[in-house]
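Chains as they are written, first to last, in my numbering: chain V, 85 to 440; chain Y, 85 to 440; chain D, 85 to 440. No residue lacks a Cβ here, since even glycine has one placed at the ideal position from N, Cα and C. A quick note: this is a predicted structure, and the numbers were derived from the prediction, not measured. First up is the structure itself, then whatever we jot down about it.
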Amino acid sequence: MDGRRNFLKTAFATCSLLAGSKLLTACTPIKKVATDEETFETFATPDALKGMPIKATFLDEISWDIPHQNWGTKEWDQDFKAMKKMGINTVVLIRAGLGKWIASPFQCLLGKEDVYYPPVDLVEMFLTLADKYNMAFYFGMYDSGKYWQEGLFQKEIDLNMALIDEVWKKYGHHKSFQGWYLSQEISRRTKNMSKIYAEVGKHAKAVSGNLSTMVSPYIHGVKTDQVMAGDKALSVKEHEEEWDEILNNVNGAVDIMAFQDGQVDYHELYDYLVINKKLADKYNMKCWTNIESFDRDMPIRFLPIKWEKLLLKLDAARRAGMENAITFEFSHFMSPNSAYLQAGHLYERYCEHFIL
Amino acid sequence: MDGRRNFLKTAFATCSLLAGSKLLTACTPIKKVATDEETFETFATPDALKGMPIKATFLDEISWDIPHQNWGTKEWDQDFKAMKKMGINTVVLIRAGLGKWIASPFQCLLGKEDVYYPPVDLVEMFLTLADKYNMAFYFGMYDSGKYWQEGLFQKEIDLNMALIDEVWKKYGHHKSFQGWYLSQEISRRTKNMSKIYAEVGKHAKAVSGNLSTMVSPYIHGVKTDQVMAGDKALSVKEHEEEWDEILNNVNGAVDIMAFQDGQVDYHELYDYLVINKKLADKYNMKCWTNIESFDRDMPIRFLPIKWEKLLLKLDAARRAGMENAITFEFSHFMSPNSAYLQAGHLYERYCEHFIL
Amino acid sequence: MDGRRNFLKTAFATCSLLAGSKLLTACTPIKKVATDEETFETFATPDALKGMPIKATFLDEISWDIPHQNWGTKEWDQDFKAMKKMGINTVVLIRAGLGKWIASPFQCLLGKEDVYYPPVDLVEMFLTLADKYNMAFYFGMYDSGKYWQEGLFQKEIDLNMALIDEVWKKYGHHKSFQGWYLSQEISRRTKNMSKIYAEVGKHAKAVSGNLSTMVSPYIHGVKTDQVMAGDKALSVKEHEEEWDEILNNVNGAVDIMAFQDGQVDYHELYDYLVINKKLADKYNMKCWTNIESFDRDMPIRFLPIKWEKLLLKLDAARRAGMENAITFEFSHFMSPNSAYLQAGHLYERYCEHFIL
Numbered sequence: 085m086d087g088r089r090n091f092l093k094t095a096f097a098t099c100s101l102l103a104g105s106k107l108l109t110a111c112t113p114i115k116k117v118a119t120d121e122e123t124f125e126t127f128a129t130p131d132a133l134k135g136m137p138i139k140a141t142f143l144d145e146i147s148w149d150i151p152h153q154n155w156g157t158k159e160w161d162q163d164f165k166a167m168k169k170m171g172i173n174t175v176v177l178i179r180a181g182l183g184k185w186i187a188s189p190f191q192c193l194l195g196k197e198d199v200y201y202p203p204v205d206l207v208e209m210f211l212t213l214a215d216k217y218n219m220a221f222y223f224g225m226y227d228s229g230k231y232w233q234e235g236l237f238q239k240e241i242d243l244n245m246a247l248i249d250e251v252w253k254k255y256g257h258h259k260s261f262q263g264w265y266l267s268q269e270i271s272r273r274t275k276n277m278s279k280i281y282a283e284v285g286k287h288a289k290a291v292s293g294n295l296s297t298m299v300s301p302y303i304h305g306v307k308t309d310q311v312m313a314g315d316k317a318l319s320v321k322e323h324e325e326e327w328d329e330i331l332n333n334v335n336g337a338v339d340i341m342a343f344q345d346g347q348v349d350y351h352e353l354y355d356y357l358v359i360n361k362k363l364a365d366k367y368n369m370k371c372w373t374n375i376e377s378f379d380r381d382m383p384i385r386f387l388p389i390k391w392e393k394l395l396l397k398l399d400a401a402r403r404a405g406m407e408n409a410i411t412f413e414f415s416h417f418m419s420p421n422s423a424y425l426q427a428g429h430l431y432e433r434y435c436e437h438f439i440l
Numbered sequence: 085m086d087g088r089r090n091f092l093k094t095a096f097a098t099c100s101l102l103a104g105s106k107l108l109t110a111c112t113p114i115k116k117v118a119t120d121e122e123t124f125e126t127f128a129t130p131d132a133l134k135g136m137p138i139k140a141t142f143l144d145e146i147s148w149d150i151p152h153q154n155w156g157t158k159e160w161d162q163d164f165k166a167m168k169k170m171g172i173n174t175v176v177l178i179r180a181g182l183g184k185w186i187a188s189p190f191q192c193l194l195g196k197e198d199v200y201y202p203p204v205d206l207v208e209m210f211l212t213l214a215d216k217y218n219m220a221f222y223f224g225m226y227d228s229g230k231y232w233q234e235g236l237f238q239k240e241i242d243l244n245m246a247l248i249d250e251v252w253k254k255y256g257h258h259k260s261f262q263g264w265y266l267s268q269e270i271s272r273r274t275k276n277m278s279k280i281y282a283e284v285g286k287h288a289k290a291v292s293g294n295l296s297t298m299v300s301p302y303i304h305g306v307k308t309d310q311v312m313a314g315d316k317a318l319s320v321k322e323h324e325e326e327w328d329e330i331l332n333n334v335n336g337a338v339d340i341m342a343f344q345d346g347q348v349d350y351h352e353l354y355d356y357l358v359i360n361k362k363l364a365d366k367y368n369m370k371c372w373t374n375i376e377s378f379d380r381d382m383p384i385r386f387l388p389i390k391w392e393k394l395l396l397k398l399d400a401a402r403r404a405g406m407e408n409a410i411t412f413e414f415s416h417f418m419s420p421n422s423a424y425l426q427a428g429h430l431y432e433r434y435c436e437h438f439i440l
Numbered sequence: 085m086d087g088r089r090n091f092l093k094t095a096f097a098t099c100s101l102l103a104g105s106k107l108l109t110a111c112t113p114i115k116k117v118a119t120d121e122e123t124f125e126t127f128a129t130p131d132a133l134k135g136m137p138i139k140a141t142f143l144d145e146i147s148w149d150i151p152h153q154n155w156g157t158k159e160w161d162q163d164f165k166a167m168k169k170m171g172i173n174t175v176v177l178i179r180a181g182l183g184k185w186i187a188s189p190f191q192c193l194l195g196k197e198d199v200y201y202p203p204v205d206l207v208e209m210f211l212t213l214a215d216k217y218n219m220a221f222y223f224g225m226y227d228s229g230k231y232w233q234e235g236l237f238q239k240e241i242d243l244n245m246a247l248i249d250e251v252w253k254k255y256g257h258h259k260s261f262q263g264w265y266l267s268q269e270i271s272r273r274t275k276n277m278s279k280i281y282a283e284v285g286k287h288a289k290a291v292s293g294n295l296s297t298m299v300s301p302y303i304h305g306v307k308t309d310q311v312m313a314g315d316k317a318l319s320v321k322e323h324e325e326e327w328d329e330i331l332n333n334v335n336g337a338v339d340i341m342a343f344q345d346g347q348v349d350y351h352e353l354y355d356y357l358v359i360n361k362k363l364a365d366k367y368n369m370k371c372w373t374n375i376e377s378f379d380r381d382m383p384i385r386f387l388p389i390k391w392e393k394l395l396l397k398l399d400a401a402r403r404a405g406m407e408n409a410i411t412f413e414f415s416h417f418m419s420p421n422s423a424y425l426q427a428g429h430l431y432e433r434y435c436e437h438f439i440l
């Protein structure tokens, strides 16, 4: 109890001490958080950034570079509950498979491709949980990891066409099945991949009664592996020109464009987002931001991002008029259930900021 | 309670929905796990792999590349309890020392080599715990880290001869002291080291009334540092020829051969394991698999492996007729007590699968 | 209860078993730790090193390479409590800012430099907590990250001169404000930076009624990035000569010299520490050791250090006559609240050893 009185006393003392300074024109109300035993001042600064809320997350179970948490249904159930509490209403399966690893026993892949038989039907599990928590689920496509080269595109398209048919027939009855995610992450170097987007996206919409389709490309910026290895980053103007061409190719096949926000530096982000919004408007797409909740600036690749960095990016997204924010991804990097305990504290900071 | 009813309802619905499909010829029983409050369906797939159980683990306290957990006796006691619950009956000290670091105040090393005086007698502690939990303990040899070059082998042999004498005299009274581990991890590049195996192994057996000796070499495969740096991986046939020669050198000195299973790709593993079994049979050895429970495929080197990958490897081992499985290693990568919380979830998935 | 009896029995058995051996001249008392339910022997070795206690820690919130924990005031309050319990009486803000990131809304930086507006006033928070827990707080300077080159030094000096004035005016009333930390980490390669030390240090002392100033340089040893990249490590003699010159340059501006202890190998440390003490004595400084509590020897850069290594370094520091030990840093690497759970166990080993 002594602790609490100390803090309150300090809070008021600070307030009167600074009352005449340039820093505060009026006495800023002191933000506080309560625990069972004590009340703590947050020491929030008077002009702290606002940001915009995150309403969606990827589900990264068939992972490229993020170690697995080995959760079963019980743990996933708890995590969906935590998402919901934070305001998340949409979950997006990052991909149905990558190379030999697949999320569910898809017959069309087990028969044709050299894939491992999976122990769990993740798609059924995620849909069941999304139904339970009243969320929207987007199904991410299969990424062969090998048919990206010119001349092999058609194979990647054919596999996904068959997969869409099988998946919609088997899982389409779930009320939460509300969209498709075109999982191939393209950039300027792989722009011919946009043909995959177009064909696959149109087919997915056609079989499912026009459900929404999403893409999440990345900017060829200073934090891409290519640029870190010596390549030149794309200027804002070059970015606009290249993507104008790419988006023209996929017109009518993509409803939501959610650029990844981590490949450019924090102070550069706003300018790129403004262009993304302009392009989305031109092609009649919704413009989301894919806000990365992991930290690209540390030698451990990757742990949860610092709250200050997340807030900076959420504020740039707000100012640039993004229509929604999806994070990559909640369960490792923002969840109170994450094996990375920094994630749970990021969740607390986020909830504290948005007063959840 | 609502949650549970939802899940059960979904489970039966799924069952009847699919009853006529090719996917299920009969209605597969739904696997469930119970918690205090709810029952959760596991969403196990109908043809999920079986695998074989893990009955042994290394103890990696004098570590090469795995950060320490800083456990005292209390934490180790809890961990032995968790091992026992999972079915582990054998613990193997990975090494008595590595370079300047040693596991216990061995007089024969403190006197002759430039080693640090250790704060804890780990060998006494591990033997005491193995006694308590009715496990077998294997003592791993000292690895100087510097006498591996041609011409210096004899020094490594002499040090370990003296160590065996001292250790058997001091710790041999423990009922759990049941074997020796020849800790030098050899591969084709270091096959002359097999001389160490032979001499040291024979001496250890001689002083201890013929206790078992174990080795755990590695395959010169695609995930070794050497091959990742440009060297050519060994084919299955080359692997067989080279190891036929090496095993001939150590005939009579080694009772258990437990190849590490992480240096080859998942789909290659079975073929190598079949050869290992054939070779073990030829030289009258027991053939175990050393199943790595850490993930070699991620940028963080290393965190716990994905359950699906572990199960794939355990199933390849089962099909190839391995006689036992030892993991590297329980306490960091599979334990509910691990600092890596993914490990605790791997433990849960393992126990769930083997219905423990 | 059975467990406890077992352990005690073993303890006495071991004692009588060894009573006549060379290992123990008298029967060493068995060290034990108690939990709620059981008593555990520690298996401490008879001649275990002593070490010296750690009384200070850095606060690494504006971090260079350590991922953030995303703590709020509540979590920091708990952490100061844990520090206090371990005997820490001094906290040192590692830096007021680094490049665009700053710890508090410093007007002199927000106006002139391209910095981000911070969400929290960390300086006010840390001072409030240091007041509450009766600790001393040292304020670390701003590091621009870009004015280190010859010819730009004056800019770094000017920024810090203005910062000192602002900070002392705004925060100087706190009873815990008791010193300054000159945060630029220099070594032989950057020795011209000592001009910054001298000018900034003198100004800080002048405005604050001669509060203490601290530096924490590093030895150009085998574990620096430079030497690992091919550069030659500095011998003990070269180290002495170069630092004699540097310290001569900063005479009168620095009160405490706390060399980082992690860039040399464990067996080399003592010799360097002896020289550091000699140099500190010559220039009338206090000689502390900056004991790194993270592990530089592992592929994950960085997790908490092994207790044995920490103890080795604390013992070298004790023998070399260090006057105090500050760690980099408590909250990530030694704290029971750390996201790295190995840190909590390091805390337990430390407290057990020093019987806290």
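Contacts around T373(Y), its chain only, beta-carbon distance under 6 angstroms, and the 5 residues preceding and following it disregarded: The residue you call residue 373(Y) lines up with position 289 of the second sequence. Taken in chain order, the residues that qualify are D345, A401, M406 and A409.
Give the DSSP bridge partners of Q344(V), in chain order. The count along the first sequence starts at 1 and reaches residue 344(V) at position 260. In the DSSP output, where bridge partners are listed per residue, Q344(V) has N374(V).
Any chain Y beta carbon closer than 9 angstroms to T109(D): The count along the third sequence starts at 1 and reaches residue 109(D) at position 25. At T109(D) the pLDDT is 37, less than 50, meaning the model places this residue with poor confidence; the figure from the coordinates comes in the next sentence. So no, T109(D) is outside the interface.
Which residues in chain D have a C-beta closer than 8 angstroms to the C-beta of Y201(Y)? List them in chain order. Here residue 201(Y) is taken as the residue at index 117 of the second sequence, counted from 1. Close to Y201(Y), with beta-carbon spacing below 8 angstroms, are these residues of chain D in chain order: T129, D131, A132 and L133.
Since F124(D) meets chain Y, which of its residues come closer than 8 angstroms, beta carbon to beta carbon? In the third sequence, residue 124(D) corresponds to position 40, counting from 1. F124(D) reaches chain Y at G156, T157, K158 and D161, counting residues in chain order whose Cβ is nearer than 8 angstroms.
Anything in chain Y within Cβ reach of H429(D), meaning under 7 angstroms, just list it in chain order. Residue mapping note: residue 429(D) aligns to position 345 of the third sequence, counting from 1. Contacts between H429(D) and chain Y, judged by CB atoms closer than 7 angstroms, involve Q153, N154, W155 and E159 in chain order.
Strictly below 9 angstroms CB to CB, what residues from chain V border T119(Y)? Counted from its first residue, the second sequence places residue 119(Y) at position 35. The answer, in chain order, is K158.
Tell me which residues share the same chain as E269(V) and place their Cβ nearer than 8 angstroms to its Cβ, disregarding the 5 neighbours each side in the sequence. Within the first sequence, residue 269(V) is the residue found at index 185, counting from 1. The answer, listed in chain order, is S300, P301, Y302 and Q344.
Mapping DSSP to helix, strand and coil, what is E208(V)? On the first sequence, position 124 is the one that residue 208(V) refers to. Of the three classes helix, strand and coil, the one that applies to E208(V) here is helix, per DSSP.
List the residues that DSSP assigns as beta-bridge partners of K116(D). Residue 116(D) sits at position 32 when you count from the first residue of the third sequence. Answer by DSSP bridge pairing, in chain order: E125(D).
Can you confirm whether the stretch 321-329 of chain Y touches the stretch 282-299 of chain Y when touching is taken to mean that 3 or more C-beta pairs between the two stretches lie within less than 8 angstroms? No: the two stretches stay apart, fewer than three of their Cβ pairs being nearer than 8 angstroms.
9 angstroms is my cut-off, CB to CB: does S188(Y) come that close to chain D? Taking the first residue of the second sequence as position 1, residue 188(Y) is located at position 104. With respect to chain D, the C-beta atom of S188(Y) has a partner C-beta closer than 9 angstroms.
Among A128(D), H304(D) and L353(D), the one whose alpha carbon lies nearest that of A313(D): Residue mapping note: residue 313(D) aligns to position 229 of the third sequence, counting from 1. When only C-alpha atoms are compared, the closest one is H304(D).
Minimum Cβ-Cβ distance from Y302(V) to chain D less than 9 angstroms: The residue you call residue 302(V) lines up with position 218 of the first sequence. No - not a single Cβ of chain D is within 9 angstroms of the one on Y302(V).
Span of the alpha helix (DSSP H), counted from its first residue to its last, around L193(V): Indexing the first sequence from 1 puts residue 193(V) at position 109. Residues Q191 to K196.
Under a three-way DSSP split, which group does S292(D) fall into? Along the third sequence, one-based indexing puts residue 292(D) at 208. In the three-state DSSP reduction, S292(D) falls in the coil class, being neither helix nor strand.
What does the alpha-carbon distance come out to for the pair L387(V) and Q426(Y)? Numbered from its first residue, the first sequence carries residue 387(V) at position 303. Numbered from its first residue, the second sequence carries residue 426(Y) at position 342. If I take the Cα positions, the gap works out to 14 angstroms.
Does the beta carbon of R81(D) sit closer than 9 angstroms to a beta carbon anywhere in chain Y? A query on residue 81(D) cannot be resolved here, the shown segment of chain D reaching from 85 to 440 and no further.
Name the chain V residues whose beta carbon is nearer than 7 angstroms to that of L440(Y)? For the purposes of this step, residue 440(Y) is identified with residue 356 of the second sequence, where counting begins at 1. Within chain V, no residue comes near L440(Y); the closest Cβ sits about 14 angstroms away, beyond 7 angstroms.
Beta carbon of A187(V), beta carbon of E159(V): below 9 angstroms? Along the first sequence, one-based indexing puts residue 187(V) at 103. Along the first sequence, one-based indexing puts residue 159(V) at 75. Contact flag unset, no.
Give the residues of chain V in contact with I178(D), contact being defined as C-beta atoms less than 7 angstroms apart. Looking up residue 178(D) in the third sequence gives position 94. Neighbours of I178(D) in chain V, taken as residues whose beta carbon is under 7 angstroms from its own, are absent, since the nearest beta carbon is some 15 angstroms off.
On a CA-only basis, which of K184(V), L177(V), Y200(V) and Q238(V) is nearest E208(V)? Give me that one, please. Reading the first sequence from its first residue, position 124 is the one you call residue 208(V). Taking the Cα of E208(V) as reference, the smallest distance to any Cα among K184(V), L177(V), Y200(V) and Q238(V) is reached at L177(V).
Taking 8 angstroms as the threshold, find out whether the stretch 194-211 of chain D comes into contact with the stretch 129-143 of chain V through three or more Cβ pairs. By the C-beta criterion, the stretch 194-211 of chain D is judged to be in contact with the stretch 129-143 of chain V, since at least 3 inter-stretch pairs fall below 8 angstroms.
Against chain V, with Cβ distances strictly below 9 angstroms, would I384(Y) count as a contact? Looking up residue 384(Y) in the second sequence gives position 300. Yes, its Cβ sits closer than 9 angstroms to a Cβ of chain V.
Between D379(Y) and chain V, is there a C-beta pair that is closer than 9 angstroms? Here residue 379(Y) is taken as the residue at index 295 of the second sequence, counted from 1. Between D379(Y) and chain V, the shortest Cβ-Cβ separation is below 9 angstroms.
Got a sec? Which residues, its chain only, sit under 7 angstroms from R403(V) by beta carbon, not counting five neighbours each side? Counting from 1 along the first sequence, the entry for residue 403(V) is found at position 319. Y354, listed in sequence order.
Ordered along the chain, which non-local residues of its own chain (more than five positions away) have a Cβ less than 6 angstroms from that of I138(D)? Position 54 of the third sequence, counted from the first residue, corresponds to residue 138(D). Once the five neighbours on either side are set aside, the close Cβ partners of I138(D) are A409 and T411.
Option in N333(D), S260(D), Q162(D) and G183(D) with minimal Cα separation from V296(D): For the purposes of this step, residue 296(D) is taken as the residue at position 212 of the third sequence. Note that residue 296(D) corresponds to Ser in the displayed sequence, not to Val. Checked all of N333(D), S260(D), Q162(D) and G183(D); the closest Cα to S296(D) is S260(D).
Return the CA-CA distance between N244(V) and T212(V), expressed in angstroms with no decimal places. Taking the first residue of the first sequence as 1, we reach residue 244(V) at position 160. Taking the first residue of the first sequence as 1, we reach residue 212(V) at position 128. Spanning the alpha carbons of N244(V) and T212(V) requires a straight line of approximately 23 angstroms.
Would L236(D) count as contacting chain V if we go by Cβ distances under 9 angstroms? Locating residue 236(D) in the third sequence gives position 152, where the first residue counts as 1. At least 9 angstroms separates the CB of L236(D) from every CB of chain V.
Helix, strand or coil for N173(V), going by three-state DSSP, please let me know. For the purposes of this step, residue 173(V) is identified with residue 89 of the first sequence, where counting begins at 1. Here DSSP, grouped into helix, strand and coil, assigns N173(V) to coil.
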